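Following: one structure in structure tokens, then a few remarks.
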Ligand SMILES: Cc1cc2nc3c(=O)[nH]c(=O)nc-3n(C[C@H](O)[C@H](O)[C@H](O)COP(=O)(O)OP(=O)(O)OC[C@H]3O[C@@H](n4cnc5c(N)ncnc54)[C@H](O)[C@@H]3O)c2cc1C
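Next up, the structure:
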């Protein structure tokens, strides 16, 4: 196996053009599992960890840009956690400290599992994915990026460079249910973003469909009942109906991790909890 170690994104793009079947490698926490189980045998690897720009983030008045190679550990605390508490909450649920030190959003997007913990957050934040290729940079809304289970709209010669998020003001959080508290893949997850800047509440669901699902009907229903430019009302009946509508958006299946019925129930419980948490 040939391992290429570029030190700039331009060099990585050129290497990918010259080696179109090469596997891009960020933290390796998904890829090395595939290799260890003989599910993939890449002839060439393009390791992205030595590209400084991919491991940087910026927070400014026009928005937040997170390099595809920023590890979860950098999202758990500090400026990124202050700017995007839901992302911090999701990052804290990923694997173990070792996995969070290596794993990245770029890798979560590259794998595109419906159970990927970063993805509901990107969906609820209306994030855009910036892709770099020999043709320049293409920006794709998250809703158009993930197209199915482990499928996305990245072209084979594109490298995920970063994600962009518009500034938000208001409560945001992420909650997940798994079979135990740590080192666990989501059975169901919810990201709740109350954005007072755009007077909206946005809710995205993980692990309950082939892609991350936005609970649009619940979002619209709530928009007709509350003034989302202000603090949301601590109304239990409203929270219950909102959560019921959120759960009705889920498209869960029975599999080795859980049943569809439990997953839908978990989504309802998490959505109600997050709504009420946002009002305090
Ligand atoms: C023990 C363990 C526990 C885990 N727990 C969780 C968990 O709780 N939640 C969760 O969401 N995930 C979990 N994972 C999965 C994994 O850690 C995450 O999906 C992580 O985000 C992958 O990032 P990475 O940088 O390691 O990806 P890599 O393994 O480097 O890459 C993954 C895929 O993305 C592609 N890729 C990587 N970077 C780019 C790029 N810049 N542009 C284009 N394609 C790219 C690769 O080619 C590959 O196909 C776990 C994994 C392990 C081994």
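Numbering (this note's numbering), first residue to last: 193 to 472.
C-beta atoms are modelled at their ideal positions from N, C-alpha and C, and glycine is treated no differently.
The model shown is predicted, which means the values in this text are computed figures rather than measured ones.
- Whole-angstrom C-beta distance between residue 238 and residue 214, which should lie under 8 Å: Rounded, the Cβ-Cβ distance is 5 Å, consistent with contact.
- Message: Taking 7 Å as the cut-off, is the C-beta of residue 215 nearer than that to any heavy atom in ligand 1?
- Response: At least one heavy atom of ligand 1 sits closer than 7 Å to the Cβ of residue 215.
- Query: Within the present structure, is the beta-carbon of residue 372 separated from the nearest heavy atom of ligand 1 by less than 7 Å?
  - Reply: Residue 372 has its CB no nearer than 7 Å to any heavy atom of ligand 1.
- Query: The beta strand (DSSP E) with residue 239 in it runs from where to where?
  - Reply: Unbroken beta strand (DSSP E) run through residue 239: 236-239.
- Task: For the beta strand (DSSP E) containing residue 394, list its first residue and its last residue.
- Result: Counting along the chain, the beta strand (DSSP E) containing residue 394 begins and ends at 392-398.
- Query: Is there contact here, the region 226-241 with the region 270-289, by at least three beta-carbon pairs under 8 Å?
  - Reply: The answer is no - the region 270-289 does not touch the region 226-241, with fewer than three Cβ pairs under 8 Å.
- Query: Are three or more beta carbon pairs between the region 291-300 and the region 249-260 nearer than 8 Å?
  - Reply: With a cut-off of 8 Å, the region 249-260 and the region 291-300 count as touching, because enough Cβ pairs lie within range.
- Message: Quick check on residue 375: does DSSP put it in helix, strand or coil?
- Response: Of the three classes helix, strand and coil, the one that applies to residue 375 here is coil, per DSSP.
- Query: How is the beta strand (DSSP E) around residue 384 delimited, first residue to last?
  - Reply: That run of the beta strand (DSSP E) goes 380-387.
- Going by the C-beta, is residue 300 closer than 7 Å to any heavy atom of ligand 1? Yes, ligand 1 has a heavy atom inside 7 Å of this Cβ.
- Measuring from the CB of residue 267, is there a heavy atom of ligand 1 at a distance below 7 Å? It does not: the Cβ of residue 267 is nowhere closer than 7 Å to a heavy atom of ligand 1.
- DSSP-derived helix/strand/coil call for residue 367: In the three-state DSSP reduction, residue 367 falls in the strand class (E or B).
- Item | Nearest neighbour of residue 468, chosen from 364, 354 and 255 [CA to CA] | Nearest C-alpha to residue 468 among 364, 354 and 255: 364.
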